[in-house]
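Data first, discussion second: the structure below is written as C-alpha cells.
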Amino acid sequence: MDLRQLEAFAAVMSAGSITGAARLLGRSQPALTRLIQDLEASLGFGLLHRAGPRVTPTGQGLRFYQEVEPVIAWLRLLRERADAIAQERPPSLSVAAIAAFSGMLPAALARLDGDSLPDRIHVRTAIAEQVVEAVATQGCEIGIASLPVEHPAIDIHWIGEAPCVAVVAADDPLAGSDRIPLASLAGRRLITMANPFRWRRRLDMALAERGIVPAAILDSNTAQTAIMSARAGLGIAVVEPVMAHGMPVEGVAIRPLDLSIPFFWAVFSPYGRPLSGLASGLVEALETISRETLPGFVRHAATARDRLMADALGSSPHPKDLAP
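With the numbering used here applied, the sequence shown covers 1 to 324.
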C-alpha cells in the first residue's frame, strides 16, 4: 500500500468512476485501474463493485475510505506547509469546527489582521468527534466542538457556555412571549437535535421530569435544519444558541426558555504544539465574537472541563430566572 494507490482510490470515490478519477489525476484509465487492483490485493478485500464503466464502493470500501480521506487531507496540508517553509511565507491555517459555528467562525476570522492572513485558509465542518480527531492528529491547528471533548492529544484553551434557545416562526403565537415555557411543547411538535449523547440528553430529561409530552418530534443533525423547520411552521425548535444567534434567519423569533439547558463548547489545538500568532489571535477572536453574539455567554478555564462535562451530561437542568 502506497500513497499513489490511496490517492487513486480517493479520486475514484470523489469522481464516481474510473474515467473521472483518471482525468482528475492526469493518469490513464489502465494505470489507475492497476493502482486500485494493487491496493485491493495488499488489503485483502475488495474496494469497488465494477459494472462496466461504472463502479460503486463495497461496504468495506466505504469504511476504508473514511480512514483514507483524513490521511489524504493531512498529506495535502503537509505539502502546503513544506512549500510555505521553502518559500519563507506564512503557512496555511486549518480550522475544524462543528456546523453550529458556520456563522461565528467566519466572523472571528474577519477580526484578524487581513495582512497577516495566509494565502490559504482551510475550514472543515464535521461532527464533534471528527473535529477532535482532526486536531489530535494535527490535521488542523484549531478545533471547535461541543462537549464532551476529551483526548490526550489536544490542549483546550477555553470552554464556552451559553443557554439553549427556543425558535418559532415569526407568526407563531409564542413569538410574542419574552420567554417560552418548556410546557409549551406539550401538544406541539418538538424540533431539535438528533444526537442523544450531547445536550439533547438534558432536554429529554427535563421533559420527562416535568411530564411534558410533545405531540411529535422532528430531529436533525444540524441546528440550521431545525431552525428552518421552525420557520416553516412545523413546530417549536429547541437548539443550541451558537447557530441561532450566530447565523440569524429572517422569519423566526429566538426566545430564551424558562429554564437553563446549557450548551458547552471547547476551543482547542494539538497538545504540545505551540500556537502560531495567527492561531492565537483566532482563539481570542472567537471569545470576543462569543461575548458579543451570545446572550448569557460565560467563558470557563480549561481546568473546569471535567466539572462542565459532568454538568453537560449530568442529572438535570437547573431552573434559572432568565430575566435581565
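Even glycine gets a Cβ: it sits at the ideal position worked out from N, Cα and C.
Cα-Cα separation between residue i and residue j, rounded to whole angstroms
i           : j           : result
residue 249 : residue 43  : 48 Å
residue 14  : residue 64  : 14 Å
residue 76  : residue 149 : 26 Å
residue 151 : residue 95  : 17 Å
residue 91  : residue 84  : 5 Å
residue 82  : residue 176 : 57 Å
residue 255 : residue 165 : 6 Å
residue 59  : residue 97  : 28 Å
residue 243 : residue 137 : 27 Å
residue 295 : residue 78  : 39 Å
residue 126 : residue 267 : 15 Å
residue 277 : residue 287 : 16 Å
residue 342 : residue 269 : A question about residue 342 goes unanswered here, because the residues of the chain that appear run from 1 up to 324.
residue 32  : residue 271 : 38 Å
residue 162 : residue 297 : 5 Å
residue 87  : residue 114 : 20 Å
residue 183 : residue 145 : 30 Å
residue 316 : residue 7   : Because the pLDDT of residue 316 is 42, which lies under 50, any placement of that residue in the model is unreliable, and the number read from its coordinates should be weighed accordingly. Their Cα atoms are separated by approximately 48 Å.
residue 290 : residue 25  : 42 Å
residue 306 : residue 147 : 10 Å
residue 105 : residue 51  : 43 Å
residue 274 : residue 100 : 26 Å
residue 9   : residue 283 : 36 Å
residue 186 : residue 171 : 19 Å
residue 30  : residue 41  : 16 Å
residue 310 : residue 16  : 44 Å
residue 66  : residue 206 : 36 Å
residue 110 : residue 281 : 11 Å
residue 20  : residue 54  : 10 Å
residue 12  : residue 80  : 23 Å
residue 34  : residue 257 : 59 Å
residue 224 : residue 197 : 19 Å
residue 319 : residue 222 : The pLDDT assigned to residue 319 is 42, lower than 50, so where the model puts this residue is not dependable; a value taken from the coordinates is nonetheless given after this. Cα to Cα, residue 319 sits roughly 26 Å from residue 222.
residue 154 : residue 135 : 7 Å
residue 108 : residue 23  : 38 Å
residue 203 : residue 74  : 37 Å
residue 36  : residue 199 : 43 Å
Environment of residue i [buried if 16+ CB atoms lie within 10 Å]
i           : result
residue 142 : buried
residue 2   : exposed
residue 321 : Residue placement at residue 321 is flagged as unreliable, the pLDDT there being 35, under the threshold of 50; the coordinate-derived value follows with that caveat. With fewer than 16 Cβ atoms within 10 Å of its Cβ, residue 321 is classed as exposed.
residue 239 : buried
residue 56  : exposed
residue 326 : Beyond the ends of the chain as shown, which are 1 and 324, falls residue 326; an answer cannot be given.
residue 326 : This structure gives no information on residue 326, because the portion of the chain shown stretches from 1 to 324.
residue 93  : buried
residue 336 : For the chain, the structure presents residues 1 to 324; residue 336 sits outside this window and is missing.
residue 116 : exposed
residue 28  : exposed
residue 45  : exposed
residue 330 : Beyond the ends of the chain as shown, which are 1 and 324, falls residue 330; an answer cannot be given.
residue 18  : buried
residue 173 : exposed
residue 129 : exposed
residue 292 : exposed
residue 217 : exposed
residue 241 : buried
Whole-Å CB distance - residue i paired with residue j, under 8 Å assumed
i           : j           : result
residue 191 : residue 230 : 6 Å
residue 285 : residue 112 : 6 Å
residue 264 : residue 308 : 5 Å
residue 194 : residue 220 : 6 Å
residue 103 : residue 251 : Contact flag wrong, Cβ pair sits at about 17 Å.
residue 47  : residue 61  : 4 Å
residue 215 : residue 189 : 6 Å
residue 227 : residue 167 : 5 Å
Cβ-heavy atom distance, residue i to the ligand SAH, below 7 Å
i          : result
residue 46 : The ligand content of the structure shown is nil, which means the ligand SAH is not present either.
Continuous alpha helix (DSSP H) assignments of at least 4 residues falling wholly in the segment 11 to 43: 18 to 25, 29 to 43
Touch test, the segment 150 to 162 against the segment 293 to 307, Cβ-Cβ under 8 Å, three pairs minimum: yes
Completely contained alpha helix (DSSP H) runs for the segment 54 to 110, where each covers 4 or more residues: 59 to 87, 104 to 110
Segment contact flag, the segment 118 to 125 with the segment 227 to 239, C-beta cutoff 8 Å, min 3 pairs: no
Within the segment 161 to 209, ranges of the beta strand (DSSP E) (whole runs, at least 3 residues): 165 to 169, 189 to 193
Inter-stretch contact at 8 Å, needing at least 3 Cβ pairs: the segment 208 to 221 / the segment 65 to 75: no
Contained alpha helix (DSSP H) runs [length at least 4] in the segment 255 to 318, N- to C-terminal order: 277 to 293, 305 to 312
Sequence ranges, beta strand (DSSP E) only - wholly within the segment 106 to 152, length at least 3: 121 to 125, 142 to 146
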